[in-house]
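Student: Here it is: the structure, laid out below.
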Amino acid sequence: MAEVPDDLIKLERSAEEERAKLAGLTGDEYDAQLRRWREASDAVQAAITAHAETTGASRFDVEQAVKKAVRHAQEDPAVE
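Note that numbering that gives the first Met the number 0 gives residue 62 to position 63 of the sequence shown, counting from 1, and the numbers run on in steps of one.
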C-alpha cells in the first residue's frame with residue numbers, strides 16, 4: 000500500500016475521538032454520542048471505499064493502512 004492520504008487519516012482520527020467519548024456515558028447521552036461515532040465511522044468507510052476504487056487498491060488494504068497509520072501515530076484516545 001502506498002502512502003495514506005491525509006484526509007483519510009483525519010477522518011479515522013475523528014471517528015476514534017468520537018468512539019473514545021463513549022466512555023462513561025449512559026442513557027440518552029450515550030445514544031447521542033453513539034450516533035456521532037457511527038456517522039464519523041460511516042464517513043471513514045465511504046472515503047476508504049472511494050479511495051480504493053479510485054486507485055484500484057484493495058479496500059481491505061486501504062482500511063488496514065489507515066488504521067495502522069492512525070493507531071501507530073498516537074495512543075488509543077479511549078485509554079487515559
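Glycine included, every Cβ here is placed at the ideal spot set by N, Cα and C. All figures in this text were calculated on a predicted structure; none of them were measured in a lab.
Can you give me the Cβ contacts of D62 inside the same chain, cut-off strictly under 6 Å, excluding the 5 residues immediately before and after it?
Tutor: A quick correction: the sequence has Glu, not Asp, at residue 62. The residues are I47.
Student: Where does E52 sit, in a helix, a strand or coil, going by DSSP?
Tutor: Of the three classes helix, strand and coil, the one that applies to E52 here is helix, per DSSP.
Student: Going by alpha carbons, who is nearest to E16 out of Q32, A51, T54, T25?
Tutor: Per the Cα distances, Q32.
Student: Find out if the Cβ-Cβ distance for the pair R12, V69 is shorter than 8 Å.
Tutor: Result yes, Cβ atoms of R12 and V69 sit closer than 8 Å.
Student: Locate the alpha helix (DSSP H) running through A14, then write down its first and last residues.
Tutor: Looking at the DSSP string, the run of the alpha helix (DSSP H) that includes A14 is 5-19.
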